[in-house]
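Engineer: Note that the protein sequences, when read in sequence, are chains L and X.
Quick note: the first sequence uses the numbering used here, first residue 59, plus one each step.
Quick note: the second sequence uses the numbering used here, first residue -19, plus one each step.
We treat Cβ as the ideally placed atom computed from N, Cα and C, and that holds for glycine.
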Amino acid sequence: AQKVTQAQTEISVVEKEDVTLDCVYETRDTTYYLFWYKQPPSGELVFLIRRNSFDEQNEISGRYSWNFQKSTSSFNFTITASQVVDSAVYFCALKTSNTGKLIFGQGTTLQVKP
Amino acid sequence: NAGVTQTPKFQVLKTGQSMTLQCAQDMNHEYMSWYRQDPGMGLRLIHYSVGAGITDQGEVPNGYNVSRSTTEDFPLRLLSAAPSQTSVYFCASSPGLAVYEQYFGPGTRLTVT
Chain L
59 AQKVTQAQTE ISVVEKEDVT LDCVYETRDT TYYLFWYKQP PSGELVFLIR RNSFDEQNEI
119 SGRYSWNFQK STSSFNFTIT ASQVVDSAVY FCALKTSNTG KLIFGQGTTL QVKP
Chain X
-19 NAGVTQTPKF QVLKTGQSMT LQCAQDMNHE YMSWYRQDPG MGLRLIHYSV GAGITDQGEV
41 PNGYNVSRST TEDFPLRLLS AAPSQTSVYF CASSPGLAVY EQYFGPGTRL TVT
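Spelled out as C-alpha cells, the structure:
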C-alpha cells in the first residue's frame, strides 16, 4: 500500500524564521515520484517540485529547499527566511510508476506572522 | 493557454439532485483525474482516465460517474447528491502517467444541503 504522512497539521512561525515541513511516505515500489504542492488562501494548487526515487540529490530553489532521504522514506521541505506570502497549505504527494495515481498527504497549514 | 478549466466555481444542490461538474484542458494531455478535498484529509482520487474512452476508479468513486469521450473533456457526474459529497472538487491533467506533475484546475466548491 502507498501512503503519505504529514504529521504536522499546523505550523505557525514569525516572519524571517526558517521552517521545515515533514513528509514521510510508504511504498513497496522501487520507482516512484514525490511532489510538493502549495495551496494559498486563494485555493488553487501550485506545483513546487518533483523528485524521482533514483535521484537523492537535494534541491534548492531560492528560499526553498528539499531534502530527500530514501533511508528514512522522507522528503522534507524547508523554507528559509519565511515570508507572509508563504502562508498556505502545503501538500506532499507520491506517485508510483505502475499506477500513475497521485496520493496526497493530509497537508500542513503554514501561517507566517509579520 | 487556458490550462485546466472547471465550471462552475460554486454550486449548491439539494439532497437527491444530480449535476455534472465540467472539466476541460487544452494541453492535449492524455491523463486526467478528479479529486475531492475535505478538511484534514488532503486530496483523494475519485476517478481517472488514461485516455479517451478509458476510465477507472480511484480511492473514493462511490456516488460519482465519469466518461471521457474526447481528450479535452472529463466531466464528473453526481448521480444523487448527498451531504457527504459537500467538498471542493479539483480536476487535474498531465501529459502521461507517473513521471509528470499534474496540473490542477481552480476547483469547484460544492455544497449539498
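Taking all protein chains shown into account, do 16 or more other C-beta atoms lie within 10 angstroms of the C-beta of X:ALA(-18), making it buried, or fewer, making it exposed?
Structural biologist: Numbered from its first residue, the second sequence carries residue -18 of chain X at position 2. Flag for X:ALA(-18) reads exposed.
Engineer: When you compare each of L:ILE118, L:LYS74, L:VAL82, L:LYS61 to L:ASN134 by their alpha carbons, which one comes out closest?
Structural biologist: Position 76 of the first sequence, counting from 1, holds the residue named residue 134 of chain L. The candidate whose alpha carbon is nearest that of L:ASN134 is L:VAL82.
Engineer: Quick check on DSSP: helix, strand or coil for X:GLN65?
Structural biologist: Taking the first residue of the second sequence as position 1, residue 65 of chain X is located at position 85. Of the three classes helix, strand and coil, the one that applies to X:GLN65 here is helix, per DSSP.
Engineer: For a cutoff of 7 Å on Cβ pairs, would you count L:GLU68 as touching chain X?
Structural biologist: In the first sequence, counting from the first residue as 1, residue 68 of chain L sits at position 10. So, not an interface residue.
Engineer: Is there at least one Cβ from chain X nearer than 7 Å to L:LEU103's Cβ?
Structural biologist: Position 45 of the first sequence, counted from the first residue, corresponds to residue 103 of chain L. Closer than 7 Å: yes.
Engineer: Residue range of the beta strand (DSSP E) that L:GLN164 falls in?
Structural biologist: As a first step, residue 164 of chain L is located in the first sequence; it is residue number 106 there, counting from the start. Taken as a continuous stretch (DSSP letters only), L:GLN164 belongs to no beta strand (DSSP E), as it is neither H nor E.
Engineer: Near L:ASN178, which residues of its chain fall below 7 Å by C-beta distance, leaving aside the five closest residues on each side in sequence?
Structural biologist: Since the first residue shown for chain L is 59 and the last is 172, residue 178 of chain L is missing from the structure and cannot be characterised.
Engineer: Does the beta carbon of L:TYR83 fall short of 6 Å from some heavy atom of the ligand NAD?
Structural biologist: The ligand NAD is absent from the structure shown, which contains no ligands of any kind.
Engineer: Cβ of X:GLY20 less than 7 Å from any chain A Cβ?
Structural biologist: Annotation note: the requested chain A is absent from the structure, which comprises protein chains L and X.
Engineer: In whole angstroms, give me the CA-to-CA distance for X:MET12 and X:ASP53.
Structural biologist: Here residue 12 of chain X refers to the residue found at position 32 when the second sequence is read from its first residue. Here residue 53 of chain X refers to the residue found at position 73 when the second sequence is read from its first residue. Answer to the nearest angstrom: the Cα atoms are 9 Å apart.
Engineer: Return the chain-ordered list of same chain residues with a C-beta closer than 7 Å to the C-beta of X:GLU81, the five sequence neighbours on each side being excluded.
Structural biologist: Against the second sequence, residue 81 of chain X aligns to sequence position 101. Excluding positions up to five away in sequence, the list reads SER74.
Engineer: Are the beta-carbon atoms of L:GLU114 and L:LYS128 separated by less than 7 Å?
Structural biologist: Residue 114 of chain L sits at position 56 when you count from the first residue of the first sequence. Residue 128 of chain L sits at position 70 when you count from the first residue of the first sequence. The answer is yes: Cβ separation under 7 Å.
Engineer: Using a Cβ-Cβ cut-off of 7 Å, state whether X:LEU77 counts as contacting chain L.
Structural biologist: The count along the second sequence starts at 1 and reaches residue 77 of chain X at position 97. Yes, X:LEU77 counts as interfacial toward chain L.
Engineer: Among L:LEU103, L:ILE137, L:THR130, whose alpha-carbon lies nearest the alpha-carbon of L:SER119?
Structural biologist: Reading the first sequence from its first residue, position 61 is the one you call residue 119 of chain L. Measuring from the Cα of L:SER119, the nearest candidate turns out to be L:ILE137.
Engineer: Please name the residue, chosen from X:ALA62, X:TYR83, X:LEU56, that lies closest to X:PRO(-12) on a Cα-to-Cα basis.
Structural biologist: By one-based count along the second sequence, residue -12 of chain X stands at place 8. Looking from the CA of X:PRO(-12), the closest CA among X:ALA62, X:TYR83, X:LEU56 belongs to X:LEU56.
Engineer: Could you tell me which of L:LYS159, L:THR167, L:ASP76, L:THR85 sits nearest to L:TYR148, measuring between CA atoms?
Structural biologist: Locating residue 148 of chain L in the first sequence gives position 90, where the first residue counts as 1. Nearest option by C-alpha distance: L:THR167.
Engineer: Alpha carbon to alpha carbon, what distance is there between L:THR154 and L:THR85?
Structural biologist: One-based indexing of the first sequence puts residue 85 of chain L at position 27. One-based indexing of the first sequence puts residue 154 of chain L at position 96. Cα atoms of L:THR85 and L:THR154: separation of roughly 8 Å, rounded to the nearest angstrom.
Engineer: To the nearest angstrom, how far is the alpha carbon of X:ILE34 from that of X:GLY87?
Structural biologist: Taking the second sequence and counting its residues from 1, the one referred to as residue 34 of chain X is at position 54. Taking the second sequence and counting its residues from 1, the one referred to as residue 87 of chain X is at position 107. Distance between the alpha carbons of X:ILE34 and X:GLY87 is about 23 Å.
Engineer: Of all the beta strand (DSSP E) runs that stay within the bounds of the segment 90 to 148 of chain L, which reach a length of 3 or more residues?
Structural biologist: The segment 90 to 148 of chain L contains these whole beta strand (DSSP E) runs: 90 to 97, 104 to 110, 117 to 119, 122 to 127, 132 to 137.
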